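Here the sequence shown stands for residues -28 to -1, 1 to 1133, numbered as in mature numbering (1 follows the signal peptide of the UniProt record, and there is no 0).
From the three backbone atoms N, C-alpha and C, an ideal C-beta is built for every residue, glycine too.
Since we're looking at a predicted model, the values are computed, not measured.
What follows is a short report on a single structure.
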Amino acid sequence: MIRGLELHPVRWLSTFLCVATLLGACRGLELTARFSQSGIHGEVRFTADANGTGTGTLVNTYLEVVDDLEASAETPDVWSWSIREYPVDYSLLGGRCEDEQLGRSVVELDAVLGRLSLPELATSEIVVPDDAPVSLTGPRGVWGRSLLLVNEADGRRACATITVSGRADERVAEARFNHVAMSGSVFFRWVGSHTRGVADPSDAVTHTDTLILADLRRAPPANATKTRGPVVANHEWRIYVTDILDSESDKSRGNCNFLQLVFSPDASTATLGDLTARLGTVPVAQHPATAKAVFRDPVLDRLQFDLAGNGRSLYLVLLDIQHPESFLACARIRLVPPVTTVANLMTAGVRGRLSLSQRSRFDPTLVRYDVRFPGPDAAAVLRGLRVHELPPPPTPLGARDTPCNHTGATYDPEERGMAEPQRGFRGQDKYAVGDLSSKLIPLLQDLQSVSFDLQLQLWDMFLPLQGPRSVVHRTFVILKPSGPERWVPWTCAPLARYVSENGYKMAVVTAEASFRYPLAGRIVFRQPRDDPNADTTIIVEPLLHSHGPANNTQDHRWMVHDLPPGKDYFNWTARCVSAGQVFDPYYILPVNSSTTAATVCSPDAPGLCRVGDLTTRHGTLHVAGRRMNAAPLTRRLFTDRHLPLSGAASVLGRSLVLFEDDGPKARGERMACSKISGVYRRKGVVKNWFSNGGKATVTGKMEILQQSDYDSTDLEVGLEGLDDANAYEVHEAPVQEQLEFPCEDTTLEGVWAPPSFEPTVAPGIGTPDQHPLGDLGAKFGYLDNQTHLNVAYNDTTLTLFGPNAIIGRSVVISQKAKNKRWACASIERGYAPSEARELRAIASFHHPAGFAYGYIKMTQLIYSDNSQSDTVIEVNLRHPGKHDRNITRNHNWAIYVNPVGVDAAVKVLNTRCTAAGYIWNPHFTQLADPRNDELYSQECSPETPLRCYTGDISGRLGPIDLGVSRKVFTDSSFPLEGKVSAMGRSIVVLNKDFGSERFACANIEPDNDIIKYANIRKPPRFVVSQFIEDVREVMGVPEWMLTVDSRKTKTLYNGNCIQFLLHFKGPIAHQIEQDFSRLLNTGKLSSPTLYIPGYTVTTKRKSSLPYKVCGTTDPAETMKKSSEGGILISLLSIRKSSSAPNTGFHFFQILLVFVPLWLSR
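Next comes the structure, spelled out in structure tokens:
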């Protein structure tokens, strides 16, 4: 029976909701099949018949014909429809509706309900006869299967999974087999309540169901050409559970022998894990044949709760046919969470987000727009909604360039081309995957009134978030018109993984392979943490030849190999042999395999490929000859289902090898290789607050986190004592603890912003990119009228990676009343001692006869797997002389191979710093043409830092100036430890105005830090700065090697004593600390602490001090008792080595020195 309905033509937008006006009451299970394919658009719903007995089924159709041939009552568009065995795999863009994918027909709806004639049945309600083999769930259930429509005139096909909508839910788990004997997946799908108690028990019983979808295949044996076995073999299968005491290493073993217990949660379900007893055997096809199978097992509903909450792991085991009690293969059963990706727009004045969510690969993608535009032109840009193929580049760009200009073209893997809007809507399958605007054509008339806000949601059947055509980690871009038929990027944001639409970012493992020779570039791998079955995104950054002049080269094979590369990565014979063989943890390809076994792997059967075989799964790579061609030619993004970054088959620590099949025979086919290393999240902590002369009441901290350079930055602020505070900003340089006014502009400089930046809007409005990078108040609101602040922000402009990183800089809080700087603190690295350790180094320019005075300090984290962070460099150099205020600009600077000595002070410019040798080039960059300076200057740049010599700092970061303020840089190619290390070499500053002469130099040495409290008797008119200056003069050390923490200075014993917290720094910090103790105890120091090669100390050097140590008691009391004892001197020494973990004080040493006073009586 058919009941007519009147529906709004775009009602399909909200079909994920239960529409009470259509169904009478919003109760029970609702199933929906959504179409936008082959000229038909809309949906078909299956619900319980609420108007009848409650046991029947209703079929509601909301369909329209959207192809070029308009259907009418006189010329109807007739479709045959049927329920098919398997659900639709939405990760497939083409061929998803073929019989091979959907299986056999379960129910021919033509025979039950008649053919589907449009537009007659475009909006209709059909009552399914009671005797028809159609129900929502159960033995005749349509849930989890697919609905196929076939046009009777031309055979066009449209298909959709019949999936849940309304209040019911689905849960999916997967057992993925990656084994020489087995490849493929077994999916477990549950529908209904996922809690142990439900509001309506009868509803739970009626509409709870479990389906198992198996799609398994095996590679043909090595002798397949000689002996032909069965194409499909049927195996017994069981579910096993691990012991509660089994460790993760036990579960990660390459075999299944540790499994002993068949899954049986309690006595009443003793055979629950024996699937063969209930369902029969499972088929496994020999490639290239397929043997999908679907099983219904309502008893297995219990499994989902054990997967979600049990501490034990569950495994699906297939038994050997020849030996029934032997395990053939096993796979861990893991819940598959919905994939959610979010693009947070916060640039160009546009705020909002695009949220994409896909429950499983068998469901379409739900798209939600929530965007606010800065002006009343939202309707104009609705034609410019796109997903582009690449993420925004993490490297800094020019002042007039934006990352949105470098996201590639509209993502179009099927090469549909861009649509012509005047042709009207023709179904989502007719457009490029990333052409979101064309998919909104049915809504454009209703959206013309949109002024500032765009809020809508719809289903997209051709926007996969899983599989090789996934849009995850690509870019959502909004274009705006710029002239006739010309559109340019307005704003954009990467599509990052989230736990849920309104939840947190998903924790993602990031790894990289950085190439230095004979090509330069980086390949990045990203996968959700602790989920080896999740998709891995591979981002190929610009690749270019680095050994010298070269042409563009194409079609390079690339593979992951077993071992990290050795020193043969630059060999001219047998290059990269140390990397071993292609990584094959599942033994897919035996060493002595036949040609048949070797060719089983294909893009259509990626599970039968070796894990390391990236070429077969994704194709080849290209390498550019020149920098200008690198990005358009070589940047790519791939999604891989079989490349784990965690678990037993992880590729971390192995090598990535690029091949050149027509290369020199002596070298071999391996062109380049690099270790795949982890990229750890960066964390900045701001908590060590200094007052600016007065007393600051601010306490608490700020934490700044960023997972990778492809992610936005999260700020968590928890501050107290903000009375009368106003602005808070990131400033350019770190705090110097010895200053009485450490927050002033003369030391911390202004608000941090890249060069040539100009704000475009007033504070408090717009988006973060329109304000100076470090002006947090202008971006997120000022601190006026707040005593505390506990908030969290997301910032797309602040970064903890790359040249513009803010680690090593500072945060300044200003007062509102006096409009002056009130408190400040450095942005320090945050890490756990078990995670990493920090190295510190310094190049100290202190030679009295030298030509530069000051220091260059470096800090770097070394992680537990020996991977390295970027190096933060602080430069503080001026011309020698206490009152020399000369300024010279544009000095290039570099790391040279050798340390320097007396030659650092040679007056003749051409012979100065000659012991340093030449610029450090451990990776042999441009080895084929080392004298071609013109080529090198064109190719080495901040955008291509790996194309520069490792020692060429100015090539990556730019020149420095002498005589100006401190500057902070972040360098990704300045290693302080390992086989390639700058420690023990020298830094050479070249002549001004980009001159090539060596102007000044100093050695790179460890920078230790020893902290000691000292008590000094306070004489009349005592000045702290004068005391420290006198100590430095006697010891012969520069001011940066001996400092006082201005916050810790205090008077003792009614003003008779003063206590300092001293920092002894530099490569000889231990010697400085010892000589300081000797100087205070004896009042003299016979020779300077700091030895300077080639420098003769003057005989008029000051060698004594008039200051005396204060004891542990009041000096007045000490004088009274001096005849009976002595003076007790207390010194607390706290050492922090240059490689000590940042866990506070490294260790303590209490020195109790008893000085006897021999007195005659």
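Counted as a single uninterrupted DSSP element, the stretch harbouring R582 is not any beta strand (DSSP E), since DSSP gives it neither H nor E. Taking a contact to require three or more Cβ pairs closer than 8 angstroms, the region 851 to 858 and the region 939 to 947 do not qualify as touching. The continuous stretches of alpha helix (DSSP H) do not include Q678, which lies in the beta strand (DSSP E) extending over residues 671 to 678. For the 8 angstroms CB-CB criterion, N762 and G690 form a contact. The beta carbon of V657 sits closer than 7 angstroms to those of K673, E675, E800, G802, all from its chain and outside the five residues before and after it, given in chain order. Less than 8 angstroms divides the Cβ of F941 from the Cβ of P775.
Here Q910 is exposed, its C-beta having fewer than 16 other C-beta atoms within 10 Å.
Note on Y1025: 16 or more other CB atoms within 10 angstroms of its CB, so buried under the neighbour-count rule. Here G1038 is near S816, since their CB atoms are less than 8 angstroms apart. In terms of Cβ geometry, L624 and A479 do not form a close pair [threshold 8 angstroms]. Secondary structure of E692 (DSSP, three-state): strand.
Fully enclosed beta strand (DSSP E) runs of no fewer than 3 residues occupy 254 to 258, 265 to 268, 286 to 291 of the region 222 to 298, in order along the chain.
With a beta-carbon spacing of about 38 angstroms, L770 and E386 fall beyond the 8 angstroms limit used to define contacts.
A straight-line Cα-Cα distance of about 26 angstroms links G597 and Y682. In the assembly as shown, T19 is a buried residue. Its beta-carbon has 16 or more other beta-carbons within 10 Å. The shortest C-alpha to C-alpha distance from E915 to any of T47, P366, E97 is the one to P366. Burial is judged here by how many other beta carbons sit within 10 angstroms of a residue's own beta carbon; T606 has at least 16 and is buried.
Pairwise C-beta distances place the region 448 to 458 out of contact with the region 858 to 868, as fewer than three of them are shorter than 8 angstroms. Taken atom to atom, the span from the alpha-carbon of G693 to that of T669 is near 5 angstroms. Taking the Cα of T253 as reference, the smallest distance to any Cα among G439, P270, L290 is reached at L290. Taking all protein chains shown into account, F966 has fewer than 16 neighbouring C-beta atoms within 10 Å of its C-beta and is therefore exposed.
Contact check between the region 309 to 322 and the region 440 to 451: three or more CB pairs, one atom from each, fall below 8 angstroms, which counts as touching. The alpha-carbon separation between E641 and I510 amounts to approximately 23 angstroms. By the criterion of a C-beta distance shorter than 6 angstroms, G538 is surrounded in its chain by S550, once the five residues flanking it on both sides are discounted. Residue range 337 to 344 is occupied by the beta strand (DSSP E) that includes V343. Within the model, the alpha-carbon separation for W51 versus R129 is close to 9 angstroms. Counted as a single uninterrupted DSSP element, the beta strand (DSSP E) harbouring F971 occupies residues 970 to 978. The beta carbons of L120 and S54 sit closer together than 8 angstroms.
The closest CA to that of R388, considering only A381, R398, P375, Y403, is found on Y403. DSSP, read as helix, strand or coil, puts Y868 in strand. Non-local beta-carbon contacts of A577 in its own chain, meaning distances under 8 angstroms to residues more than five positions away in sequence, involve S155, R189, H259, P260 in chain order. Taking 8 angstroms as the upper bound for CB-CB distance, H528 and H594 are in contact here, some 7 angstroms apart. Put simply, of Q787, A506, F823, F896 the residue whose alpha carbon is nearest the alpha carbon of K879 is F823. In this structure the region 951 to 961 touches the region 969 to 976; the number of beta carbon pairs closer than 8 angstroms is three or more.
When DSSP states are grouped into helix, strand and coil, Y682 belongs to the coil group.
Around the C-beta of G475, fewer than 16 other C-beta atoms lie within 10 Å, and the residue is accordingly described as exposed.
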